[in-house]
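Asks: Under the numbering used here, the letters of the sequence shown match residues 133 to 1251, in that order. C-beta atoms are modelled at their ideal positions from N, C-alpha and C, and glycine is treated no differently. First the structure, which I've put down as structure tokens, then a few questions once you've had a look.
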Amino acid sequence: MTGGSSSDNESSQLAAAHLLRNQDMEAGISVSLETDGAAASGVGGGGEEMFVDPFYITTTKNAPVESLKRWRQAALVLNASRRFRYTLDLKKEEETEQQRRMIRAHAQVIRAALLFKLAGQRAIVLGTAVAPPTPSGEYGIGLEELASMGRDHNSSALQQYGGVNGLSEMLKTNLDAGITGEEGDLTGRKNAFGSNTYPTKKGRKFWNYLWDAWQDLTLIILMVAAAASLTLGIKTEGLKEGWYDGGSIAFAVILVIFVTATSDYKQSLQFQNLNKEKRNIQLEVIRGGRREKISIFNIVVGEIIPLKIGDQVPADGILISGHSLAIDESCMTGECDLVNKNQKAPFLMSGCKVADGAGTMLVTGVGINTEWGLLMASISEDTGEETPLQVRLNGVATFIGIVGMTVALFVLVVLLARWVYLFLFWMVMDFMVYDLILYYSRFFTGNSRDDNGNVEFIRGKTSIGDAVDGAIKIITIAVTIVVVAVPEGLPLAVTLTLAYSMRKMMADKALVRRLSACETMGSATTICSDKTGTLTLNQMTVVEAYVGGKKINPPDDISQISAAVSSLLKDGIAQNTTGSVFPSKDGAGIDISGSPTEKAILQWGVKIGMEFDSVRSKSKILYVSPFNSEKKRGGVALRQSNSEVHIHWKGAAEMVLAACTGYLDINGSLQSIDKEKASLKNAIDAMAAKSLRCVAIAYRKCENDKVPNQAEELQNWAMPEDELVMLAIVGIKDPCRPGVKEAVKICKDAGVKVRMVTGDNIQTAKAIAIECGILDPNTDTSEPVVIEGKTFRQLSEKERENIAKRISVMGRSSPTDKLLLVQALRKGGDVVAVTGDGTNDAPALHEADIGLSMGIQGTEVAKESSDIIILDDNFASVVKVVRWGRSVYANIQKFIQFQLTVNVAALVINVVAAITAGDVPLNAVQLLWVNLIMDTLGALALATEPPTDSLMKRSPVGRREPLITNIMWRNLFIQALYQVIVLLIMNFSGRSILNLNSDEHSNKLINTLIFNTFVLCQICNEFNARKPDQFNVFKGITQNRLFMAIVGTTFILQIVIIEFLGHFASTVRLSLGQWILSMVIGLVSFPLALAGKLIPVPRTPFIKVFLKPYERCIRARTR
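So, in structure tokens, the structure goes:
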């Protein structure tokens, strides 16, 4: 591989990653509802075309826009502004892209105008007149001149200011040591040139959420009905008594709106905090001669910032020096081609990514004074995102809503029929016809008397106002049934549990960038993990060294190495590195920066007498070939003080060894390596077997006439990689992380296979895998269980698919190998989570179902391509993410079981009562209170359950697994049937059972008892819903204080409603005995649930019973 193209693969991988980010996946969408074949019914005898379920999307990651539009159009929605708040805003996304294009076009027009102005060779060579800089305070140049130069990429202005050296003097910056970093200096720079922040759009206020909650169509109808009832009541009964009915409904609706808005507002605050964390990038700067890590928001003009592959350019600036530096400017220009940066093209734009090479930049513009800052300030960053589970729940909500609205319409028709027969016909017909109608209306409705047993409509006595008030009550009840029946909060419960989980996952060192990944982790069947830093501590130390063909013991014993070998070794260590050695803050010692491998080798260099700055000053760097994960080595060409050119290479020991033809012995004499190659290879294998990372350091001389003189030629120089002379081989120890073996075992018990994919030697990989528990030392470790990346890469696509599931360890793998493995596993049906930290990992992170980047060692490119950032780079944190993913799914199932039980019971009770008695036992205010318990409070209580250990003893959640399992159906039917039977008996036989009279108070007492019992049944059922498949529903109850608080609050409010808000809720006070009766009926839910769990359920999903009705409903919505 040539030096000029040393990073071609890496660059192409980055370009590929960019293309993947900006293009929709071409793969089609599965057509399954919740089980295999659930969404596609085939072509029937009637010639029905295949049913495609718009609510089944296997993944929303890279989903086509058409599929996202399709499910939105099919959903039955009462309040679109609330239901779709946390889904991708397709319109806003399009507007954002238009704004991006506009800003890019604006910048390009400015640059084109500048080039036109400088057109002509003479003008370009001589430059145009540039006004001298205007001093700003203590600095020799002002904000406007800096911003203009950077925005226009004005090379003439840069030359006029004396180039990068002159500019650094104006900005009072030392190009080697950076700024001082003192508080006064930083404040002065911020005052003169601004801070590296930009104005973000303020979050929505609480009033916005109130307005959204108010947009619900059913609530609007209820408020209109309440207003009409209020007006009529005050007119007929006076203010003192007439306001109760209408005022109660209005207050209940307002309470629902306020509670809903408060819950939504709190969720939005959590998402805002998470977005701030995502934007807060940590990066290295040089201050006072030392490298420090600071937040991107703390960068100031004049800062010196080192850049390496995968970094984001944090501000506008000028390149000071660089080697093979290529920048991906697609985020600003829209062009995918990489742009090479050098002294002729030194301008760097904020927000762009380093695709290749390394360099150092001088910051000239920050924050709003950069194009990136303008772009970020002009667009809303978060346009929302739906998750697969959220989409599926919209389908469930749509189906239940259609059923509920049908029931509500039926109730409305029945009750209005009674009203019409008993009043309207009476107004236009004579007494005989009225009696006839009354007879048939009794037969039809089963009741024509009021709560006191009196005839409801008496000719000559019943006023029009009374009749209209009755009609309003009927409409109000029907609309309230719709409110209860349409589970508007069901899809939003996903967002609630995700917001809760994301906040808790931050404490577990995982930052979720994509909501859907949080839930998808619950379905993960395999984790392809890196070794270094994830399974190991990333605390590397050189513990073995071979110099001159002999083992040095101890490895830092300089006395065993000749001066000539020592000098060359120090050159190779100090110059061929991206790390640095500098004095510590207290001046008592030294600090070392760089990757863990670089730090280990630099530390070893210091121990053998290397003086970093002194060594680097004795030679000049001509060309750098950065370390590349494809070729596993990096090199540097140096011109020595005697004009000789030395080329130093450092990388994977066996690869560097293969390129060597000689070695320097202990005395510094050049020897042929042929005889020693076998013994050195054995030494490498022996070190690898001890879990050591083996790195070789070699060099060669290069004739001066073979080194290009011109910068353009040097940029494309193929730096020699053969005929090397071996200087040293070192073994670096990186211990396994404590607890990683237990974490791997937890994954195995949970049905999640852990695979190690590493660039390390196959022997090292195998040793670490055994140490971590990925491999059993007694099992077969031949191919393909343990395989090299090169071997896997050379197989055909079909062969890769066949062996992918058997692979446990892949050594000497490249990012391409990792991508191929991910693709093969996904084609085999696995849900794949993959970890990555390098720029070249971006395609694999993007391709995987869940991409996990490393927060410490990960590059910005890797983080941007990932779905979740593991902040501590620890595999145990990955396992915690799996736990939380499963918890999300389990919590949603708990809430579904609870909500559907309330739905079924409330609907059946009201329908049966309406048909048989012509009235419903639960009035509008009571139903609104039940809806509040069911929707908002129920979601808060059940969707925020913390994960339990039992979750990791189950198999992964299948993508086609029904949301409502047979166990849930069993529990739901038992509880709903029990509630319906008990409450209907109470409704029709309650007076005789309790020996009550047929008067108004007795009727109100029975209705109050029904309402109270129904609510207490739901409170008890909330406990049952916590553990759908376990006998002890109280296990771990004290760990969820929010659950206890909500259940306690609900119970207390129920007491208040019954005992103190009789006029408001149309209830009467209950005696102690009646309270005990209600509670006993509610508590029977517990033994009933316990007994129900002894009933076995069939393996065939019950959901198939509802397939045809579901298909008909959804077909009707999509036509």
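Comparing C-alpha positions only, which one of Ser773, Glu676, Ser698 sits nearest to aspartate 817?
Replies: Closest option to aspartate 817, Cα to Cα, is Glu676.
Asks: Can you name the start and end residues of the alpha helix (DSSP H) that aspartate 317 belongs to?
Replies: From DSSP, the alpha helix (DSSP H) with aspartate 317 extends over 315 to 325.
Asks: Return the Cβ separation of glycine 783 and lysine 764 in integer angstroms, given the expectation that the two are a contact with Cβ distance under 8 Å.
Replies: Right, their Cβ atoms sit about 5 Å apart.
Asks: Assign methionine 1176 to one of two classes, buried (16 or more other C-beta atoms within 10 Å of its C-beta) or exposed (fewer than that).
Replies: The residue in question, methionine 1176, is exposed, as its Cβ has fewer than 16 Cβ neighbours within 10 Å.
Asks: Identify the continuous beta strand (DSSP E) that holds arginine 771 and give its terminal residues.
Replies: Taken as a continuous stretch (DSSP letters only), the beta strand (DSSP E) holding arginine 771 covers 765 to 772.
Asks: Can you have a look at glutamine 1162 and say buried or exposed, based on whether 16 or more other CB atoms are within 10 angstroms of its CB?
Replies: So glutamine 1162 ends up on the exposed side.
Asks: If we count the other Cβ atoms within 10 Å of its Cβ and call it buried at 16 or more, is threonine 896 buried or exposed?
Replies: Its Cβ being crowded by 16 or more others within 10 Å, threonine 896 is buried.
Asks: I'd like the span of the alpha helix (DSSP H) that includes alanine 956, first residue to last.
Replies: Segment 947 to 959, the alpha helix (DSSP H) holding alanine 956.
Asks: Give me, in chain order, the residues of the same chain whose beta-carbon lies closer than 7 Å to that of isoleucine 493; leave out the 5 immediate sequence neighbours on both sides.
Replies: Contrary to the premise, residue 493 reads as methionine rather than isoleucine in this sequence. Closer than 7 Å at Cβ, skipping near neighbours: Ile437, Leu439, Gly449, Ile450, Leu451, Ile452, Leu480.
Asks: How big is the Cα-Cα spacing for glycine 379 and asparagine 1135?
Replies: The straight-line gap from Cα to Cα measures roughly 22 Å.
Asks: Run through DSSP, which three-state label would tryptophan 781 get?
Replies: Here tryptophan 781 sits in strand by DSSP.
Asks: Among Ala639, Ile1047, Val1229, which has the Cα closest to the Cα of isoleucine 1106?
Replies: It is Val1229.
Asks: Output needed for serine 144: all residues of its chain with C-beta closer than 7 Å, excluding positions within five of it in sequence on either side, in chain order.
Replies: Reliability of the predicted coordinates at serine 144 is poor, the pLDDT of 44 falling under 50, and the value obtained from them is presented with this limitation in mind. If we look at serine 144 and ignore the five residues flanking it on each side, it has no Cβ neighbours.
Asks: Apart from the five residues on each side of it in sequence, which residues of its chain come closer than 8 Å, Cβ to Cβ, to threonine 266?
Replies: Ile273, Gly274, Glu276, Glu277, listed in sequence order.
Asks: From glycine 737 to leucine 700, what does the alpha carbon distance come to, in whole angstroms?
Replies: C-alpha separation (whole angstroms): 11 Å.
Asks: Would you kindly work out how many angstroms separate the C-alpha atoms of proline 478 and alanine 458, rounded to a whole number?
Replies: Near 11 Å, if we compare the C-alpha coordinates of alanine 458 and proline 478.
Asks: Using three-state DSSP, classify methionine 986 as helix, strand or coil.
Replies: Here methionine 986 sits in strand by DSSP.
Asks: Pairs of beta-carbons, one from the segment 1073 to 1086 and one from the segment 1166 to 1176, closer than 8 Å: are there three or more?
Replies: In short, these stretches touch, since the Cβ pair count reaches three.
Asks: Going by the beta-carbon positions, is the gap between aspartate 969 and glutamine 989 smaller than 7 Å?
Replies: It is a contact, given that the beta carbons lie within the stated cut-off.
Asks: Using the rule of at least 16 other Cβ atoms within 10 Å of the residue's Cβ for burial, across every protein chain shown, is tryptophan 1061 buried or exposed?
Replies: Counting Cβ neighbours within 10 Å, tryptophan 1061 comes out buried, since at least 16 surround it.
Asks: Going by DSSP, what residue range makes up the beta strand (DSSP E) through glycine 826?
Replies: According to the sequence provided, residue 826 is cysteine. The question's glycine does not apply to it. That run of the beta strand (DSSP E) goes 824 to 834.
Asks: Is tryptophan 339 buried or exposed, if buried means 16 or more other CB atoms sit within 10 Å of its CB?
Replies: Its Cβ having fewer than 16 others within 10 Å, tryptophan 339 is exposed.
Asks: Counting C-beta neighbours from all protein chains within 10 Å, is the total for valine 626 16 or more, i.e. buried, or is it exposed?
Replies: Counting Cβ neighbours within 10 Å, valine 626 comes out buried, since at least 16 surround it.
Asks: Between Asn474, Gln444, His455, Gly454, which lies nearest to glutamate 461 when the distance is taken from Cα to Cα?
Replies: Among Asn474, Gln444, His455, Gly454, the Cα nearest to that of glutamate 461 belongs to Gln444.
Asks: Could you check how far apart the C-beta atoms of alanine 382 and alanine 358 are, in whole angstroms? I think they sit under 8 Å.
Replies: Confirmed, Cβ separation roughly 4 Å.
Asks: Would you mind reading off the limits of the alpha helix (DSSP H) that contains glycine 1214?
Replies: Counting along the chain, the alpha helix (DSSP H) containing glycine 1214 begins and ends at 1204 to 1215.
Asks: I need the straight-line Cα distance from cysteine 1152 to glutamine 1025, nearest angstrom please.
Replies: If I take the Cα positions, the gap works out to 17 Å.
Asks: With isoleucine 900 and leucine 667 assumed to form a contact (beta carbons below 8 Å), what rounded beta-carbon distance in angstroms separates them?
Replies: With 8 Å as the limit, isoleucine 900 and leucine 667 qualify as a contact, their Cβ atoms being about 6 Å apart.
Asks: Quick one: Cα of serine 998 to Cα of alanine 649, how far?
Replies: Distance between the alpha carbons of serine 998 and alanine 649 is about 9 Å.
Asks: Run the CB neighbour count on arginine 1288, radius 10 Å, all protein chains shown included, and call it buried at 16 or more, exposed below.
Replies: A question about residue 1288 goes unanswered here, because the residues of the chain that appear run from 133 up to 1251.
Asks: Pop quiz: valine 1043 and valine 543 are said to be a contact at Cβ under 8 Å. What is the actual Cβ separation, rounded to whole angstroms?
Replies: Contact holds; Cβ gap of about 6 Å.
Asks: Quick one: what's got a C-beta closer than 8 Å to lysine 1159's C-beta in the same chain, skipping five residues either side?
Replies: Closer than 8 Å at Cβ, skipping near neighbours: Val1165, Lys1167.
Asks: So, does the CB of lysine 937 fall closer than 7 Å to a CB anywhere in chain D?
Replies: Absence of chain D from the displayed structure is noted, only one protein chain being present.
Asks: What's the gap between the Cα of serine 940 and the Cα of glutamate 933?
Replies: Near 14 Å, if we compare the C-alpha coordinates of glutamate 933 and serine 940.
Asks: Among the residues of its own chain, which have a CB less than 8 Å from the CB of alanine 603, if the five just before and after it don't count?
Replies: The answer, listed in chain order, is Leu548, Trp551.
Asks: List, from N- to C-terminal side, the alpha helix (DSSP H) runs of 4 residues or more that fit wholly inside the segment 1153 to 1206.
Replies: Counting only runs of 4 or more, we get 1173 to 1192, 1194 to 1197.
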